[in-house]
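For the record, in the sequence shown the residue sitting at position 177 is 177 according to UniProt numbering, with numbers rising by one throughout.
Before any comments, here is the structure.
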Amino acid sequence: MTISLTLAKGREKSLIRRHPWVFSRAIEQINGTPEAGQTVDIYSHDGRWLAKAAYSPHSQIRARVWSFEKREIDTNFFVERISQAQLLREEVIQQGKLTGYRLIAAESDGLPGITIDRYDNYLVCQFLSAGADYQKTVIVDALRKCFPAINIYERSDVAIRKKEGLKPTTGLLHGNMPSDPVIIEENGIKISVDIVNGHKTGFYLDQRDSRYHAMKYVKDKEVLNCFSYTGGFGLYAAKGGAQRIINADVSQHALETAKLNAELNQFDTSKKRMVFLNADVFKLLREYRDQGTQFDVVIMDPPKFAESKAQLNGACRGYKDINMLAMQILKPGGTLLTYSCSGLMDQTLFQKIIADAALDAKRHVKFIERFGQAADHPVDSTYPEGFYLKGFACKVF
Ligand code: SAH
């Protein structure tokens, strides 16, 4: 007999709608003794076969579905899913001449707990769930079949693995370590990516479209790029002809890479054109406000403020605060480009927060553009949680 989980009565509804998660409270019985990450069959209370899933004994999400079809979860399965994901991205890759893109966006690509970003000839993987971790060598085999000349590096050094009973782990899975920083190109801009020590897998690919759209607001302008990381928006601002760009971040390593990136693109990095400022944005914005320093464009791309529902209220206050401060240091008619990558905050709530910030700042705001994650971060209709990044271009009067 295969190892399986039987759901409690009526608990099959979300799986019938093809949402890929099974919560612990939905399970009535475990048949057999599955190992962490092992593939199990899922049955409804009345004995209907529902799915093949990975068992996760330590997580509230007790199982994550690999397939709603009766099939082996083997190398071929992963080759199929990876090939489908690559195919979905081909148009975007070709149009943007991208050498850096998200290949696998976990649940949104039918591969729960697996994130894989491609940076030139490197694939950087995060295995975030017990199931993903259990299948690691099979996934590496599948990746090698799909991309024969590729190097594969693991960056599973993320806190979320704790919930799955997994330790952080990093290292080379196949091929060679990069001797120099890996350089990618997006929209004609070169970006060096530190796949070993950078944040997440090395770069924030999801903001590519927003960075591109930012270019039209910056010509001859004074730009403040808050939470700049390795330059991102600042590099696009330079390409878009900004007069001066201040990139602010708390990470010195990120700022050094940002400078390197500017040089890589032959942008003028003299202080009158580009500043790389090690500063806490929350303090910096207050200092600028108190000094009366003003900008034409403020870019506000903070890290995720809400990791859980319990943190959402605090996160709302944080977003309101920084956006209020940003408005206060904008010249009349200036542009605020503001984003939230907290999935728990939807676009309507984010818009409301900006509206509240405008009232507090005693400024008038018009929303002129809406943004989302780039096309290599798809959202599957069965998994709306996959839509997490949103942003606005606002005119501030
Ligand atoms: N806009 C970037 C991505 C930003 S990621 C891009 O397009 O690539 C968020 C950044 O915020 C990280 O680099 C992190 O170091 C920085 N950060 C976090 N808290 C900060 C704070 N209080 N002040 C300044 N930077 C901060």
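Here a beta-carbon is modelled for each residue, glycine too, at the ideal position from N, C-alpha and C.
Residue i in three-state terms, based on DSSP
i    : result
F77  : helix
Q347 : helix
Q252 : helix
E185 : strand
V124 : strand
R273 : coil
Y119 : strand
L111 : coil
L284 : helix
S308 : coil
K145 : helix
N261 : helix
M193 : With the sequence shown as reference, residue 193 is identified as Val, and Met is not the correct amino acid for it. Three-state DSSP puts V193 in a strand.
Chain C within 8 angstroms of residue i, Cβ atoms only
i    : result
C316 : The structure shown contains no chain C; it is built from a single protein chain.
For residue j and residue i, the rounded distance between their alpha carbons
i    : j    : result
T33  : Y55  : 10 angstroms
F397 : R289 : 16 angstroms
L15  : R48  : 12 angstroms
I160 : H213 : 32 angstroms
F387 : E287 : 34 angstroms
S67  : L128 : 18 angstroms
M327 : Y229 : 21 angstroms
R81  : L325 : 45 angstroms
D141 : F367 : 47 angstroms
T6   : G131 : 18 angstroms
F276 : I322 : 20 angstroms
I30  : A258 : 51 angstroms
I354 : P302 : 14 angstroms
P178 : D194 : 9 angstroms
D268 : D296 : 20 angstroms
S44  : E12  : 6 angstroms
L337 : G391 : 7 angstroms
P384 : M345 : 13 angstroms
W21  : H377 : 19 angstroms
Q266 : G318 : 36 angstroms
Residue i - containing beta strand (DSSP E), residue span
i    : result
M300 : 295-300
V229 : Checking the sequence shown, residue 229 turns out to be Tyr, not Val. Premise fails: Y229 is in no beta strand (DSSP E) and is neither H nor E.
G198 : Counting along the chain, G198 falls outside any beta strand (DSSP E), and DSSP gives it neither H nor E.
K390 : 390-396
I152 : 151-156
L173 : 169-174
T6   : 4-7
Rounded distance between the beta-carbons of residue j and residue i, thought under 8 angstroms
i    : j    : result
C146 : Q86  : 7 angstroms
V196 : D120 : About 14 angstroms separates the two Cβ atoms, so there is no contact after all.
G175 : I150 : 7 angstroms
D157 : T170 : 5 angstroms
C341 : L389 : 5 angstroms
A26  : A8   : 6 angstroms
I114 : Y101 : Their Cβ separation, rounded to whole angstroms, is 15 angstroms, which puts I114 and Y101 out of contact at 8 angstroms.
R244 : K272 : 7 angstroms
L255 : N247 : 7 angstroms
Segment limits, alpha helix (DSSP H) that includes residue i
i           : result
residue 408 : The structure shown does not extend to residue 408, since the chain is modelled only from 1 to 397, so the question has no answer here.
G131        : 130-134
A214        : 208-214
S14         : 13-16
Checklist line | alpha helix (DSSP H) runs wholly inside the stretch 22-97, at least 4 long, in chain order | finding: Within the stretch 22-97, the complete alpha helix (DSSP H) runs of at least 4 residues are 75-96.
Next item on the list: Can you check the stretch 318-376 for any beta strand (DSSP E) of at least 3 residues that lies completely inside it and give the ranges in chain order?
Entry: Here the runs fully enclosed are 330-340, 365-372.
Item checked: Chain-ordered list of residues that sit, by beta carbon, closer than 5 angstroms to a heavy atom of the ligand GTP -> The model depicted lacks the ligand GTP and carries the ligand SAH instead.
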